[in-house]
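A short worksheet on the structure shown next.
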Amino acid sequence: MNKAKCILLSCFFISVSAVVVNAQPAGIPQRVEALLKKMTLAEKIGQLNQYNGDWAATGPVTTDVGNKLDAIKRGEVGSILNITGVQHTRVFQEAAMKSRLKIPLLFGQDVIHGYSVTFPIPLAEAASWDMDAIEKSARIAATEAAAGGVHWTFAPMVDIARDPRWGRVMEGAGEDPYLGSLIATARVKGFQGKGLGNLDAVMACAKHFTAYGAAIGGRDYNSVDMSLRTLWEVYLPPFKAALDAGVATFMNSFNDLNGTPASASHYLQREILKDKWGFKGFVVSDWGSIGEMINHGYVKDNYEAAEAAINAGNDMDMESRSYINNLAKLVADKKVSVRTIDEAVRRILTKKFELGLFDDPYRFSSEEREKRVLNKPEFIAAARDVARKSIVLLKNDKRVLPLSKNTGSIALIGPMVKLKKENKGFWSLDVGDESQVVSLYEGMQQQAGITKLLYAQGCDITDTSKIGFADAVKTAMQADVVVMAMGERFDMTGEAKSRSDIHLPGIQEELIKAVIATGKPVVVLLYAGRPMVFDWTADHAPAIVYTWWLGNQAGNAIADVLYGNYNPSAKLPVTFPRTEGQIPIYYNHYNTGRPPHADNDVNYTSSYIDLLNSPKFAFGHGLSYTTFKYDNIKLSKKSMLKTGSITVSFDIENTGKYAGGEVAQLYLRDLVSQPVRPVKELKDFKKLMLQPGEKKTVTFIINKDKLAFYNDKLERITQPGDFMLMIGSASDDIRLQDKFTLLD
Ligand code: GLC
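Position 592 of the sequence shown, counting from 1, maps to 595 under the working numbering, and the rest follow consecutively.
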């Protein structure tokens, strides 16, 4: 064969392999291009426009646009959010089928922790450190949502949060980039399942891009100002993990980052997301965030806002009307190119093709499937399972817990005891009814057996009346054991729910004092979507259980833990401060030049003269009804090249009398580095179940990825030197440690 033919043939094979490598199912790119060619500019702009479905507003409702069904028929809408149910979504899709090109709508919904069967709030699930359980929770939520006509969930929220005053800390995975990245991956995989196009898969959405959780003062929507190195070290990793897991969409954030509103950030949306990371999905704004650039003072009107956003890589406009009202003129004025519009439309149409909506716009609109799929018993069982795994045992002095089935009587006291739908927490949907939610009272009734249950509310959540105290104390005196169910109102965390004072609200702590004064054994359950401050209770209550908001199966899960049917295994994914004055406080901090040498060291050290230095409860803290012994740590070697690795192994033994789960955590510290590195960073963990007396060997592999960090040039590097290796049951409960050296 002559040379020319050879080259020709190899070119042919290269082109074929290129097509095969890049091919999506059934030539979607070609179908997108063919449709794009038929579309008018107005129809293209319509695809970039998202309206609220008026079932529930999750943001400030702007001026009405008249009948949205008519707008859809005119081809002015690409997506609708906040519509629930097959019947409702079908009506809107039928309107889209009356448009000239019959481009189907995308239906988006905040399916954050469950659709009909509500699961624990995301921060609670994060406390399980159980990726399989977290993925399963998202998988079930997606299965139900897809059966309910939803194509797209605005989840997972992957914002790192180090400030518990910020109400949206409830929606994420806490303060740690490593744990947060694993959870982001689990949730994306759960929501998207075997891939778009499957009838039980929905598009996931990594949000809020980015650094929204670093709002100054923990005040929602507030500015964020940080070094790019901190951005890359702490806030971007969970987004990159979501992208690597194949997340279909991103949502940008309300905040300005270093003076640029995220919706207008070319750096975030094009340089990082679309160029450096190669993101092929699309970016939706947050509710009205494009128009809010005017409030930021970044632009003077919606015309300029639309120009800034679309040129920065924001593909879809949620609810600001900036795109639908201004993009045509921006194109005419040559401020926005048709090419830019086409790129955004291409990204959105591609997802609609991948979902199969062009083949059948009603494929998610089956009333029969909706009835068949929602609230399956196995979904309810899964919700109970992950709820139990999310409950954190903060304290258990004098072994008050688990409760004995032979207890004569238990007094259930407090404002949370009989709550029902509130257990679903913030960002839960009004699907299903309250009877599906199990209160603490109901859960205890299921398991109390011969034990007599007494009840007194004692006080309300936020009021200051002590009128119920006498009855509560009297009820406590009649019981053998007291279980108090206290906490925040479910909607005291969530969007636009920042608190300057995160104490247990009202006069609840005084009620706890009054009941503890009876001398009875008291267990305090704390319901919240954030770390709260409850210093006196933490010091005086013998047993404290953090129950977060656990969803439909709350009452059963809590009773399972209180009676020891499930031995608590959860660990805090976020630091609990002693008081608001300590905020921000997080475990992976730098050492400073004057680190305190003891908790009360104030002698020219970085500390407060009026407060201990440690948090009230540390990242990774969580007790069990049993005990675990760590020993026999071994390193395969004491030094490694960056191309090499070190295997660390150690034994864990269950030295108590209950079977239980333990999360063994690996922390590393780079002892000398420029720039400096935190005093410890979570780099691996293993959750393992052990029977009483059982011993297992755990191994972690240390490679350069666990040692790398960003330098001031934002290069990801490693530096040779010594590292401290710590194995712990919590970030402040290190059981084993050793050192190793990274060689050049
Ligand atoms: C809200 C939230 C965002 C949510 C969106 C749609 O304002 O910030 O997380 O997905 O609007 O409800």
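By construction, the Cβ of each residue, glycine as well, lies at the ideal position given by its N, Cα and C atoms.
Proximity test, residue i beta-carbon vs the ligand GLC heavy atom, cut-off 7 Å
i    : result
K210 : yes
L84  : yes
M254 : yes
D289 : yes
E498 : yes
D113 : yes
G3   : Because the chain spans 4 through 747 in this model, residue 3 falls outside it and cannot be assessed.
F157 : yes
G62  : yes
Neighbourhood of residue i by C-beta, 6 Å cutoff - its chain only, sequence neighbours within 5 removed
i    : result
L739 : Y633, I636, F653 and I730
F15  : Caution applies to F15, whose pLDDT of 45 falls short of 50 and renders its modelled position unreliable; the model cannot decide the point.
H624 : L575 and A733
T410 : T454, D483 and V484
R366 : G359
V666 : W132, K574, F688 and K690
G284 : A251 and T252
K698 : D654 and E656
Minimum C-alpha distance to residue i - residue among the options
i    : options                   : result
T156 : Q677, A207, T550 and D463 : A207
L669 : L728, S648 and G200       : L728
Q585 : D563, S610 and V605       : S610
F122 : D259, N657 and R391       : R391
I720 : D741, Q677, K686 and V389 : Q677
N555 : L44, L717, L108 and H116  : H116
E295 : S412, A187 and G62        : G62
D304 : G284, G696, F285 and N328 : N328
Q272 : N255, G461, V605 and E147 : N255
Y181 : F622, A662 and A312       : F622
H154 : A136, A214 and T92        : T92
A544 : A315, L710 and K398       : K398
R672 : A560, D725 and L626       : D725
D247 : T188, V605 and S627       : T188
I186 : E513, M42, W280 and L126  : L126
Residue environment, residue i, which counts as buried when at least 16 other CB atoms sit within 10 Å
i    : result
T252 : buried
L745 : buried
V536 : buried
I510 : buried
D362 : exposed
N25  : Below a pLDDT of 50, predicted positions are generally treated as unreliable, and N25, at 42, falls in that range; the measurement from the model is reported next regardless. The residue in question, N25, is exposed, as its Cβ has fewer than 16 Cβ neighbours within 10 Å.
K742 : exposed
G69  : exposed
M447 : buried
D400 : exposed
Q694 : exposed
Y607 : exposed
A473 : exposed
I219 : exposed
G177 : buried
I464 : buried
I470 : exposed
P380 : exposed
Sequence-distant residues of its chain with Cβ nearer than 8 Å to residue i (five each side left out)
i    : result
L352 : V35, L38, L39, Q50 and I106
L615 : R581, D602 and N603
G88  : G151, G152, E373 and V434
I413 : L406, M447, A451, T454, K455, L456, L457, A482, D483, V484, V485 and V486
Close Cβ partners of residue i (< 7 Å) along its chain, the five nearest in sequence each way excluded
i    : result
F356 : I31, R34 and V35
V302 : M296, A308 and A311
### Task
Report yes or no: do the stretch 79-91 and the stretch 331-347 share at least 3 C-beta pairs separated by less than 8 Å?
Judged by Cβ distances under 8 Å, the stretch 79-91 makes no contact with the stretch 331-347, as fewer than three pairs qualify.
### Message
Taking 8 Å as the cut-off, does the stretch 298-311 touch the stretch 264-274 (at least 3 CB pairs, one atom from each stretch)?
### Response
As far as the Cβ criterion goes, the stretch 264-274 touches the stretch 298-311, which means the pair count is three or higher.
### Task
Tell me, please, whether the stretch 501-519 touches the stretch 405-423 by the rule of three or more beta-carbon pairs shorter than 8 Å.
Between the stretch 501-519 and the stretch 405-423 there are three or more inter-stretch CB-CB distances shorter than 8 Å, so the stretches are counted as touching.
### Query
Given 8 Å as the limit, is there contact between the stretch 520-537 and the stretch 548-556, that is, 3 or more CB pairs closer than that?
Pairwise C-beta distances place the stretch 520-537 in contact with the stretch 548-556, as three or more of them are shorter than 8 Å.
### Query
Are the stretch 376-389 and the stretch 127-147 in contact at 8 Å, needing three or more beta carbon pairs?
yes
### Cβ pair count under 8 Å reaching 3, the stretch 617-629 against the stretch 587-596
Yes, since at least three Cβ pairs between the stretch 617-629 and the stretch 587-596 fall closer than 8 Å, the two stretches touch.
### Message
Closer than 8 Å is the cut-off here; do at least three beta carbon pairs connect the stretch 94-104 with the stretch 396-404?
### Response
no
#### Entry: contact_flag[the stretch 233-252, the stretch 161-169] where n(CB pairs < 8 Å) is 3 or more
yes
### Stretch pair the stretch 230-238 + the stretch 283-298: three plus CB contacts closer than 8 Å
no
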